[in-house]
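With the working numbering applied, the sequence shown corresponds to residues 19 to 206, in that order. Glycine included, every Cβ here is placed at the ideal spot set by N, Cα and C. This report concerns only the one structure given below.
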Amino acid sequence: LEMAGQLTGLITQNVDRLHQLAGSRRIIELHGALAEVRCLNCEGFESREVLQLRLRALNPGFESDLAGGMPDGDAEVSPVRLEGFCVAPCVSCGGTLMPNVVFFGGTVAPSVVADAMACVDRAGALLVLGSSLTVFSGYRFVRRAVERGIPIAIVSLGPTRGDPEATLKLEAPLAEVVPRLAARLCRA
């Protein structure tokens, strides 16, 4: 849709960068990305990959002690092994690093919200794919579209918070709907 000029931008709550891997370019990551860490002190950024290399250098052999990672990246580590673990500080100021994501209860940066609102304002329609819109960080864009008179289409299995405002609601798997929608819009 983006390559065909049918998309003003993609606003995502995902933190996995799969949209970039799929070829999307105009992406607003509401909740950040796990591929980066940021310093809580100086707000500097570092790639998660570079941090991982620094952690390996500070903790040689640590990974070999792990009993198989889980799909979400978690791992079981004995408390004894954690006693000697060295945490890598921010390279700029020595501060504490955290994943560059908005956790539950956290706040989306005002500049990110402003960029996403501007994206909605430029749109001829708002298409919501696979979100329940339970969290306000995503639902606020439905509210914005309503305020601006922008039609809203929602494709999601099960009810969503935005259903009452939707111009169109399809309860269907994305894998079935999106390719057909893309083919139709790209022909237009």
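**Asked** Looking at the structure shown, is G50 part of a helix, part of a strand, or coil, going by DSSP?
**Response** strand
**Message:** Quick check on the DSSP output: the alpha helix (DSSP H) that includes V195 runs from which residue to which?
**Reply:** L192 to R205
**Prompt:** If you draw a straight line from the C-alpha of L186 to the C-alpha of V196, how long is it?
**Reply:** 14 Å
**Asked** In whole angstroms, what is the alpha-carbon distance linking L36 and I45?
**Response** 11 Å
**Message:** Closer than 8 Å is the cut-off here; do at least three beta carbon pairs connect the segment 27-42 with the segment 145-165?
**Reply:** yes
**Request:** Assign G50 to one of two classes, buried (16 or more other C-beta atoms within 10 Å of its C-beta) or exposed (fewer than that).
**Result:** buried
**Message:** Tell me the rounded alpha-carbon separation between R66 and V146.
**Reply:** 29 Å
**Message:** Comparing C-alpha positions only, which one of R161, V126 and L151 sits nearest to L48?
**Reply:** V126
**Prompt:** For the beta strand (DSSP E) that contains V119, what are its first and last residues?
**Reply:** L115 to V119
**Asked** Sorted by chain position, which residues of the same chain lie with C-beta nearer than 8 Å to R140's C-beta, five sequence neighbours on each side aside?
**Response** T26 and G27
**Request:** Buried or exposed for G123, please, with buried defined as at least 16 other CB atoms from any protein chain shown within 10 angstroms of its CB.
**Result:** exposed
**Message:** Given a cut-off of 9 Å on the beta-carbon distance, is the pair A143 and A171 in contact?
**Reply:** yes
**Asked** Between which two residues does the alpha helix (DSSP H) harbouring V126 extend?
**Response** Element bounds for V126: n/a, residue is neither H nor E.
**Message:** Can you give me the C-alpha to C-alpha distance between C57 and L115, rounded to a whole angstrom?
**Reply:** 4 Å
**Message:** Please list the terminal residues of the continuous alpha helix (DSSP H) segment that includes A75.
**Reply:** R66 to L76
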